[in-house]
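*Asks:* Have a look at this one.
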Amino acid sequence: MPANTNSLQGDVLHIVKLVSVDLFQIKVVRQSLNLVLVTLLLVELIQIYMFLQKFDVFFLIQYGSSFTGTIFVLLSTFTIPYSTQLVTKMFDQLKYWDVENGDPKVEEKIRREARRINLYLILYLILVASSAVFNMIPNPDDVAMMHYFMIARTYFPRWENFFFWFFRFSYPMIGLIMMSPYIQTLYCCKCFKFQNLLLLSALEELECKFEDDLILDPMFQREIKNKLIFCVKLHNNIQTGCLKMVKGIKYLIIFFVTTSGWLIICLIFFSIYFQEMLSGKYLRFSTLTSAALILGLYLLYTGQEIEDVTSQTFDVLKNLSWYRWNEENRKIYLMFTIGSQNPLRIEFSENVIVGYSLGAQVAKTVYSVISVLAQLKDFGR
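Take the numbering used here: the last position of the sequence shown gets the number 640, and nothing is skipped along the way.
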């Protein structure tokens, strides 16, 4: 059984890692993040002041999505340095099995999926860039839709054009910032999935098609013991890595979920009460909405994948010919089986488990909000 190696070396998800992890370790990018953080913090403070000065329901509906969106970008900007360091340290400290050391069929399966994921990310980056470009194109309704444009016009009329284009040219960077925490989570989840596929392959090698008298063969029992210990260590590393990731971002994810929920509600409010402003801006909203939906749905799908793949570990262990092993190996097998009964889940709380169930809950909530708002609008008429 080959020795464990660091999974970040020769990573099959090299493009995903480059965009979500390596990019934010470059000094210029880190400095740009700091600039964005300071700028958005000032803008948000001014927005809070203006909301307190003019507390009007329709004013809140009109600019609520801009206000909440700024909070979301601030949260993402604040999170990226921490999450990047967390991911890097996690894979540096925990040793994983290199893909090249696995079964050739499993290696090809992993590489094929990794190529698809890298390609999907490239296409997704094109979508995000397109959305940024469409939003950069000036529109007469920008001041009525984006609060920071209104702030620039109100408080800095002489510098209005400068600030307008400053905000517009920041859209590509903001798009990258908003998606990066999610891409980092996807990267970790896919790495855990690939490691579990290698684990399943190693477990299948424990199934021997020999005579029952092998129980008396010390060489055979020693080989089984070494393979079992290797599989136990790999399984523990996968579990530990996932728990470290969840623990590291557990409280941040609460803020992300809360902010995302408010942002969705604000966008729904705006879409219902200011439909006329959406006219002629379909490319803006379609690309922006598609980018958000695709990333969110794929994250839910990946979380469900982790649960499904890790549940196979227990199924494979149950079908092994453990009766051919000696007492020592049976004890290791028993502890391994007990430890793998529950599938691995990206679980942040009892109600927040990344998977299909979370997607269904979000869909029901959004549908309920839309129904209530539509009824309120009809009642207002």
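Backbone N, C-alpha and C fix where the C-beta goes; we use that ideal spot for every residue, glycine too. If you're wondering where the values come from, they're calculated on a predicted model, not measured in any experiment.
1. Got a sec, what are the start and stop residues for the alpha helix (DSSP H) Ile-369 sits in?
2. Please tell me whether Ile-605 and Cys-448 are closer than 8 Å, where the distance is taken between their beta carbons.
3. Go to Phe-652, then tell me how far its alpha helix (DSSP H) extends in each direction, as first and last residue.
4. Val-332 and Val-280: beta carbons closer than 8 Å?
5. Classify Glu-466 as helix, strand or coil using the three-state DSSP reduction.
6. Please confirm whether Leu-353 and Asn-496 have their CB atoms less than 8 Å apart.
7. Whole angstroms is fine: what's the gap from Ile-274's alpha carbon to Asn-377's?
8. Ile-320 and Phe-529: beta carbons closer than 8 Å?
9. What residues in its chain sit with their C-beta under 6 Å from that of Ile-339, if we drop five residues either side in the sequence?
10. Would you please state the rounded distance, in angstroms, between the beta carbons of Ser-325 and Met-405? I believe it to be under 8 Å.
11. Between the stretch 527 to 546 and the stretch 348 to 362, are three or more C-beta pairs nearer than 8 Å?
12. I believe Gly-434 touches Val-491 by the beta-carbon criterion, under 8 Å. Please report the beta-carbon distance rounded to the nearest angstrom.
13. Should the stretch 309 to 320 be regarded as contacting the stretch 417 to 436, the criterion being three or more beta carbon pairs within less than 8 Å?
14. Between which residues of its own chain and Lys-577 is the CB-CB distance below 8 Å, once the five residues before and five after are set aside?
15. Determine the direct distance from the alpha carbon of Val-402 to that of Thr-413, and round the result to whole angstroms.
16. Mind checking whether Thr-327 and Thr-518 have CB atoms under 8 Å apart?
17. Are the beta-carbon atoms of Leu-522 and Ser-390 separated by less than 8 Å?
18. Please report how far the alpha carbon of Val-575 lies from the alpha carbon of Leu-462, in whole angstroms.
19. Look up Ala-262 in the DSSP assignment and say whether it is helix, strand or coil.
20. Between Thr-572, Pro-602, Ile-527, Met-594, which has its C-alpha nearest Tyr-322's C-alpha?
21. Answer with buried or exposed for Trp-356, where buried requires no fewer than 16 other C-beta atoms within 10 angstroms of its C-beta.
22. With a cut-off of 8 Å on the beta carbons, I'd call Leu-384 and Cys-501 a contact; round off their distance for me.
23. Find the nearest neighbour of Gln-571 within the set Lys-623, Arg-543, Asn-455, Leu-475, judged by alpha-carbon distance.
24. Which of the three DSSP states, helix, strand or coil, is assigned to Asp-574?
*Replies:* Quick answer:
1. Locating residue 369 in the sequence shown gives position 110, where the first residue counts as 1. From DSSP, the alpha helix (DSSP H) with Ile-369 extends over 363 to 395.
2. The residue given as residue 605 occupies position 346 in the sequence shown. The residue given as residue 448 occupies position 189 in the sequence shown. Yes; because the gap between Cβ atoms is below 8 Å, this pair is in contact.
3. Nothing can be reported for residue 652: it is not among the residues displayed for the chain, which extend from 260 to 640.
4. What you label residue 332 is simply residue 73 of the sequence shown in a count that begins at 1. What you label residue 280 is simply residue 21 of the sequence shown in a count that begins at 1. Contact: no.
5. To locate residue 466, count along the sequence shown from 1; it is residue 207. The answer is coil: DSSP assigns Glu-466 none of H, G, I, E or B.
6. Looking up residue 353 in the sequence shown gives position 94. Looking up residue 496 in the sequence shown gives position 237. Result yes, Cβ atoms of Leu-353 and Asn-496 sit closer than 8 Å.
7. Within the sequence shown, numbered from 1, the residue matching residue 274 stands at position 15. Within the sequence shown, numbered from 1, the residue matching residue 377 stands at position 118. Looking at the two C-alpha atoms, the distance is approximately 6 Å.
8. As a position in the sequence shown, residue 320 is number 61, starting the count at 1. As a position in the sequence shown, residue 529 is number 270, starting the count at 1. Yes, Cβ-Cβ distance for Ile-320 and Phe-529 is below 8 Å.
9. Within the sequence shown, the letter at position 80 stands for residue 339. For Ile-339, where only same-chain residues beyond five positions count, the Cβ hits under 6 Å are Phe-283, Ser-439.
10. Mapped onto the sequence shown, residue 325 falls at position 66. Mapped onto the sequence shown, residue 405 falls at position 146. At roughly 5 Å, the Cβ-Cβ gap stays under 8 Å, so Ser-325 and Met-405 are in contact.
11. Contact check between the stretch 527 to 546 and the stretch 348 to 362: fewer than three CB pairs, one atom from each, fall below 8 Å, which does not count as touching.
12. The residue given as residue 434 occupies position 175 in the sequence shown. The residue given as residue 491 occupies position 232 in the sequence shown. With a contact defined as Cβ atoms closer than 8 Å, Gly-434 and Val-491 miss out at about 43 Å.
13. no
14. Start at 1 with the first residue of the sequence shown, and residue 577 comes out as number 318. Cβ neighbours of Lys-577 beyond the five flanking positions: Thr-596.
15. By 1-based counting over the sequence shown, the position of residue 413 is 154. By 1-based counting over the sequence shown, the position of residue 402 is 143. Rounded to the nearest angstrom, the two C-alpha atoms are 10 Å apart.
16. What you label residue 327 is simply residue 68 of the sequence shown in a count that begins at 1. What you label residue 518 is simply residue 259 of the sequence shown in a count that begins at 1. Yes, the pair counts as a contact, with Cβ atoms nearer than the cut-off.
17. Taking the sequence shown and counting its residues from 1, one reaches residue 522 at position 263. Taking the sequence shown and counting its residues from 1, one reaches residue 390 at position 131. It is not a contact, given that the beta carbons lie outside the stated cut-off.
18. The count along the sequence shown starts at 1 and reaches residue 575 at position 316. The count along the sequence shown starts at 1 and reaches residue 462 at position 203. Distance between the alpha carbons of Val-575 and Leu-462 is about 7 Å.
19. Within the sequence shown, residue 262 is the residue found at index 3, counting from 1. With a pLDDT of 46 at Ala-262, under the threshold of 50, the modelled position of that residue is not reliable, and the figure given next carries that caveat. Residue state, collapsed to three classes: coil.
20. If you number the sequence shown from 1, residue 322 lands on position 63. Looking at the Cα atoms, Ile-527 is the closest of the given residues.
21. Start at 1 with the first residue of the sequence shown, and residue 356 comes out as number 97. Its Cβ being crowded by 16 or more others within 10 Å, Trp-356 is buried.
22. In the sequence shown, residue 384 corresponds to position 125, counting from 1. In the sequence shown, residue 501 corresponds to position 242, counting from 1. Leu-384 to Cys-501, Cβ: 26 Å. No contact.
23. By one-based count along the sequence shown, residue 571 stands at place 312. If we check each option's Cα against that of Gln-571, Asn-455 comes out closest.
24. Counted from its first residue, the sequence shown places residue 574 at position 315. If DSSP states are grouped into helix, strand and coil, Asp-574 belongs with the helices.
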